[in-house]
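Enquirer:
There are 2 protein chains.
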Amino acid sequence: CPCPLPSADTALSRLVRRLLSARRSLDLCLFSFSCPQLARAAQLLHRRGVRVRLVTDAQYMGLHGSQIGRLRHAGIQVRHDQHSGYMHHKFAIVDRRMLITGSLNWTTQAIQSNRENVLVVEDAEYVKAFQDEFERIWEEYNPANYSFF
Amino acid sequence: CPCPLPSADTALSRLVRRLLSARRSLDLCLFSFSCPQLARAAQLLHRRGVRVRLVTDAQYMGLHGSQIGRLRHAGIQVRHDQHSGYMHHKFAIVDRRMLITGSLNWTTQAIQSNRENVLVVEDAEYVKAFQDEFERIWEEYNPANYSFF
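In the order they appear, the protein sequences are chains A and B. Taking UniProt numbering, the leading residue of the first sequence gets 1, the next gets one more, and so forth. Taking UniProt numbering, the leading residue of the second sequence gets 1, the next gets one more, and so forth.
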């Protein structure tokens, strides 16, 4: 495989390990997703039977290096906004109990070059606020609700 | 004044109120800062004698609408990175006890048009991690340490 999971104890490997701890669900709400290692983690979970859902930004999902097409091809459910504003969140929720959120876009450039933060939060009050936002967006971006005219 | 503080109970007004609760210090670590209302809040605090410090991204501080020049002109201490990667944080710490962080860049476009999150955290463990990161960056971006050659 051209994109092995990182083995050193880097911030990226710690993030991957948190994701791979999912047993039932992984909800992803990501402005930009071009990091191959993180996409591979999502694919691994999908193959293990974990329910992976992804919402993303329509303007960024088609950019060079985007992993969205690959994830869709693998059978992962993806929904995107249909607005001019950005779907600018960058968070993940593991098993509806662990929130991973911060400034970090899931891109190789951000991981390698930027000054970023990622918070891991298991406090139920915070997790619920983000889970509720995820469910709102998931419904709002349901293609059945699209209006083109 | 052309940019009054927002009065309605919007997310922006709640953010402004949190900032204006500062009595001793406001530490700002912001990738992009073009929202006039938030800049005005920082200026108000500075005039009240609150110690306001700001670190920002060198590539974004010169963009159209940036409030950085105005804040510097008002006497607020500003430092910026000198790297090609982005200083991509978007957080504020009020009185070293309240952390405000999330996906939101402090721009009018983000506030008006995007889907964003802002967390307010008073848990000391989280606040300390961000305060430590702020102090590291503040020292690292000290102009006395710049190397141009």
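We put the beta carbon where it would ideally sit given N, CA and C, even for glycine.
Would a check of beta-carbon distances place Arg-115/A closer than 7 Å to chain B?
Expert: At least one chain B Cβ lies under 7 Å of Arg-115/A.
Enquirer: Exposed or buried, what is His-73/A when buried is set at 16 or more other beta-carbons lying within 10 Å of its beta-carbon?
Expert: The residue is exposed, with fewer than 16 neighbouring Cβ atoms inside 10 Å.
Enquirer: Whole angstroms is fine: what's the gap from Asp-9/B's alpha carbon to Ile-111/B's?
Expert: About 14 Å.
Enquirer: Pull up the DSSP beta-bridge partners for Met-98/B, would you.
Expert: Per DSSP, Val-94/B.
Enquirer: If you drop the 5 nearest sequence neighbours on each side, which residues of the same chain put their C-beta closer than 7 Å to that of Ser-25/B?
Expert: Val-50, Arg-51, Asp-95, Arg-96, listed in sequence order.
Enquirer: Using DSSP with H/G/I as helix, E/B as strand and the rest coil, what is Cys-3/B?
Expert: Residue confidence is low: Cys-3/B scores 48 on pLDDT, short of 50, so the model does not pin down where it sits. Its coordinate-derived value is still stated next. In the structure shown, Cys-3/B sits in coil (DSSP, three-state: anything other than H, G, I, E or B).
Enquirer: Which chain B residues sit within Cβ distance under 8 Å of Tyr-146/A?
Expert: The contacting residues do not exist; Tyr-146/A stays about 17 Å from chain B at best.
Enquirer: So, for Val-127/A: in the same chain, excluding its five sequence neighbours on each side, which residues have a beta-carbon less than 8 Å away from its beta-carbon?
Expert: Result list for Val-127/A: Ile-93, Arg-96, Arg-97, Met-98, Leu-99, Val-121, in chain order.
Enquirer: For Ser-32/A, count neighbouring Cβ atoms within 10 angstroms of its own Cβ and tell me buried if that reaches 16, exposed if not.
Expert: By the 10 Å Cβ count, Ser-32/A comes out buried.
Enquirer: Out of curiosity, what's the CA-to-CA distance linking Ala-124/A and Tyr-146/A?
Expert: Cα to Cα, the separation comes out at about 32 Å.
Enquirer: Report the option in His-46/A, Ser-21/A, Asp-81/A whose CA atom is closest to the CA atom of Arg-139/A.
Expert: Residue 139/A is actually Glu in this sequence, not Arg. Out of His-46/A, Ser-21/A, Asp-81/A, Asp-81/A has the C-alpha closest to the C-alpha of Glu-139/A.
Enquirer: In the DSSP assignment, find the beta strand (DSSP E) that holds Leu-54/B and state where it starts and stops.
Expert: It spans 51-56 - the beta strand (DSSP E) in which Leu-54/B sits, taken as one unbroken run.
Enquirer: Measure how close the beta-carbons of Gln-37/A and Leu-71/A come, nearest whole angstrom, since I'm counting them as under 8 Å.
Expert: Incorrect: roughly 13 Å between the Cβ atoms, too far for contact.
Enquirer: Just to confirm, is the Cβ distance from Asn-117/B to His-83/A under 7 Å?
Expert: Cβ atoms of Asn-117/B and His-83/A: not closer than 7 Å.
Enquirer: Apart from the five residues on each side of it in sequence, which residues of its chain come closer than 6 Å, Cβ to Cβ, to Phe-134/B?
Expert: The answer, listed in chain order, is Asp-27, Cys-29.
Enquirer: Quick check on the DSSP output: the alpha helix (DSSP H) that includes Ser-113/B runs from which residue to which?
Expert: It spans 108-113 - the alpha helix (DSSP H) in which Ser-113/B sits, taken as one unbroken run.
Enquirer: For Phe-130/B, does the three-state DSSP call read helix, strand or coil?
Expert: Reduced to three states, the DSSP call for Phe-130/B is helix.
Enquirer: Spell out the partners DSSP gives Phe-33/A in its beta bridges.
Expert: Bridge partners of Phe-33/A: Trp-106/A.
Enquirer: Is any beta-carbon of chain A found at less than 7 Å from that of Ser-32/B?
Expert: Closer than 7 Å: no.
Enquirer: Mapping DSSP to helix, strand and coil, what is Gln-43/B?
Expert: DSSP places Gln-43/B in helix when its eight states are reduced to three.
Enquirer: Considering only the beta carbon of each residue, do Arg-40/B and Val-55/B sit closer than 7 Å?
Expert: No; because the gap between Cβ atoms is not below 7 Å, this pair is not in contact.
Enquirer: Which one of Gln-77/A, Asn-114/A, Asn-105/A has the shortest CA to CA distance from Arg-47/A?
Expert: It is Gln-77/A.
Enquirer: Can you give me the Cβ contacts of Gln-43/A inside the same chain, cut-off strictly under 6 Å, excluding the 5 residues immediately before and after it?
Expert: So the qualifying residues of the chain are Ala-74.
Enquirer: Gly-65/B CB to nearest chain A CB: under 7 Å?
Expert: Judged by the 7 Å Cβ criterion, Gly-65/B is not in contact with chain A.
Enquirer: Using a Cβ cut-off of 9 Å, which residues of the segment 68-99 of chain B contact any Cβ in chain A, in chain order?
Expert: Within the segment 68-99 of chain B, the residues whose Cβ lies closer than 9 Å to some Cβ of chain A are Asp-81, His-83, Ser-84, Gly-85, Tyr-86, Met-87, His-88, His-89, Lys-90, Phe-91, listed in chain order.
Enquirer: State the DSSP-derived secondary structure class of His-80/B, mapped to helix, strand or coil.
Expert: Correct three-state label for His-80/B: strand.
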